[in-house]
Structures are given as C-alpha cells and as structure tokens.
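Line order of the protein sequences matches chains A and B.
Note that my numbering has the first sequence beginning at -1, numbered continuously upward.
Note that my numbering has the second sequence beginning at 106, numbered continuously upward.
Following: one structure in structure tokens, then a few remarks.
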Amino acid sequence: GNSVTQMEGPVTLSEEAFLTINCTYTATGYPSLFWYVQYPGEGLQLLLKATKADDKGSNKGFEATYRKETTSFHLEKGSVQVSDSAVYFCALSDAGANSKLTFGKGITLSVRP
Amino acid sequence: DVKVTQSSRYLVKRTGEKVFLECVQDMDHENMFWYRQDPGLGLRLIYFSYDVKMKEKGDIPEGYSVSREKKERFSLILESASTNQTSMYLCASSLHGRGTEAFFGQGTRLTVV
C-alpha cells in the first residue's frame, strides 16, 4: 500500500533560519503530493501541492519539488518566522479519481524569536 | 467560504456507549474522510466515502462504522466505545479527481472514560 515517511521531530529553529523537512513516499503509479499545515488550535489546511514529476509547489515562502527518481517531496523555506510554528504533514493521494489521502506522522516546528 | 463542520469540538463518553460523530460539508464534494490523529502517529484513515452510500475501509476500521445517506453528511459510529478510542477525530472532504485539495473540519476531541 501507499505510505509516507517524514523525518523525526520536533524541530526548533531561530527566526530567519533555513528550514528543510524531509518527506519520502512509497506508492504505485503517479500520486499527487501535498504538504498540509496545522497551526495551534486549528484544523489542517493545504500549504502546497504538486501533481507530477519535477513540479514545484510553493506558498507563503515554502517550496517543495516532486522528485520521482528519489520518491521525495522535501519542504523548504529560506527564512522562517515565529508565525510558521505549527505541525507539518506530508501526504499523497492515489493516482485514481477517488483521491484517498495518506499522511505521514507530522513534524512539529517551533521557531523562537 | 468553504466549510466542513463537525458537530462537537469536545465529547466525553462512557465505555460501551454507542457514539455518533457527525460531519457536514457545504461544497458539494464527492469524497469524505474520517481520520484519527494521535501524537506520534499522525493522521490515520478510518473510513472514506467516494459517493453517497459508498464507503471503503481505511487503515484502522476496527471498532468503527460509517454512514453516508446524503452527499453532504458523513457520520462516524463507534459501536461500543472503548478507552483506546480516545483521540482527536478529523473529518475532511474533497472533489473527485487528481490532486484535489482536501478541506478539514476543526476536529472532535473524544474522551472515553
């Protein structure tokens, strides 16, 4: 079956530091890949996505590139802010029409001033 | 504004009770999902539905059932609640199709005592 593996957390960074959160996947066919974010006390929301190899998703200064050769979708941001403190989930959906979403375990990011 | 509404934010039930968690979406989405979120385990799919009256088991369906009689409503049923079902339950919905975004409710924190 499909699976998503995220790096172990939590991660604590100082403001303006560079962020990388690793994500690799196992899936048949050509899945779509997502990063979702959960801010404290809120529900999950989509941060960015990519639907085919070499696509780059970007939003709010975050980026991730769909790498089929390494089955990876690492999240990066050049300069984090305190407001980026949240839980980040990598996810994939099936190539089929029913779009069943499979999530990784999530990683907590804390950014200190 | 798109909306997925879960009927309760917090719920306390006794062991052995039958528990209903309700989810309503107003976006005319075909797909609806129930996940549970536990620390260190991320989001795990319990059941999903890709159309009215259609359902598929997710990764952890044991002890749960679902009902989808109308397109906008997806109910999760705990037939006989147990303490190991204490968790945060998240409902989501999405359109059919490749790479579509899932929209999440705020979650229901269920405690079984």
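In this text, a Cβ means the ideal position worked out from N, Cα and C, and glycines have one as well.
Any C-beta of chain B under 8 Å from that of residue i
i	result
residue 93 of chain A	yes
residue 49 of chain A	yes
residue 107 of chain A	no
residue 56 of chain A	no
residue 66 of chain A	no
residue 97 of chain A	yes
residue 90 of chain A	no
residue 101 of chain A	yes
residue 44 of chain A	yes
Residue i CB to nearest heavy atom of the ligand SAM below 7 Å
i	result
residue 146 of chain B	Ligands displayed in this structure: none; no statement on the ligand SAM is therefore possible.
Test item: CB-CB of residue i and residue j under 8 Å
i	j	result
residue 141 of chain B	residue 192 of chain B	yes
residue 32 of chain A	residue 89 of chain A	yes
residue 212 of chain B	residue 41 of chain A	yes
residue 117 of chain B	residue 216 of chain B	yes
residue 24 of chain A	residue 56 of chain A	no
residue 148 of chain B	residue 71 of chain A	no
residue 18 of chain A	residue 69 of chain A	no
residue 173 of chain B	residue 160 of chain B	yes
residue 204 of chain B	residue 66 of chain A	no
residue 85 of chain A	residue 106 of chain A	yes
residue 111 of chain A	residue 14 of chain A	no
residue 135 of chain B	residue 195 of chain B	no
residue 190 of chain B	residue 210 of chain B	no
residue 138 of chain B	residue 180 of chain B	no
Neighbour flag for residue i against chain A, beta carbons, 8 Å
i	result
residue 206 of chain B	yes
residue 116 of chain B	no
residue 146 of chain B	yes
residue 138 of chain B	yes
residue 130 of chain B	no
residue 209 of chain B	yes
residue 153 of chain B	yes
residue 212 of chain B	yes
Beta-carbon separation (whole angstroms), residue i vs residue j, contact threshold 8 Å
i	j	result
residue 108 of chain A	residue 77 of chain A	Their Cβ separation, rounded to whole angstroms, is 16 Å, which puts residue 108 of chain A and residue 77 of chain A out of contact at 8 Å.
residue 214 of chain B	residue 114 of chain B	7 Å
residue 38 of chain A	residue 91 of chain A	Contact doesn't hold; Cβ gap of about 26 Å is too wide.
Minimum Cβ-Cβ distance from residue i to chain D less than 8 Å
i	result
residue 104 of chain A	Considering every chain present, this structure includes no chain D. Its protein chains are A and B.
Margin query: Which runs of the beta strand (DSSP E) at least 3 residues long sit entirely within the stretch 29 to 72 of chain A? Give them in chain order.
Written below: 30 to 36, 42 to 48, 54 to 57 and 60 to 63
Note to self: Closer than 7 Å between beta carbons: that is the criterion. Which residues of the stretch 30 to 41 of chain A meet it against chain B?
What the structure shows: 30 and 41
Notebook entry, point to check: Which ranges would you report for the beta strand (DSSP E) in the stretch 76 to 102 of chain A if only whole runs of at least 3 residues count?
Noted result: 84 to 91 and 99 to 101
Check: For the stretch 71 to 87 of chain A, which residues have a CB atom closer than 7 Å to at least one CB atom of chain B, in sequence order?
Finding: 87
Margin query: So if I threshold CB-CB distances at 9 Å, which residues from the stretch 183 to 204 of chain B count as touching chain A?
Written below: 195, 197, 199, 200, 201, 202, 203 and 204
Check: Closer than 7 Å, Cβ to any Cβ of chain A: which residues of the stretch 164 to 180 of chain B, in chain order?
Finding: none
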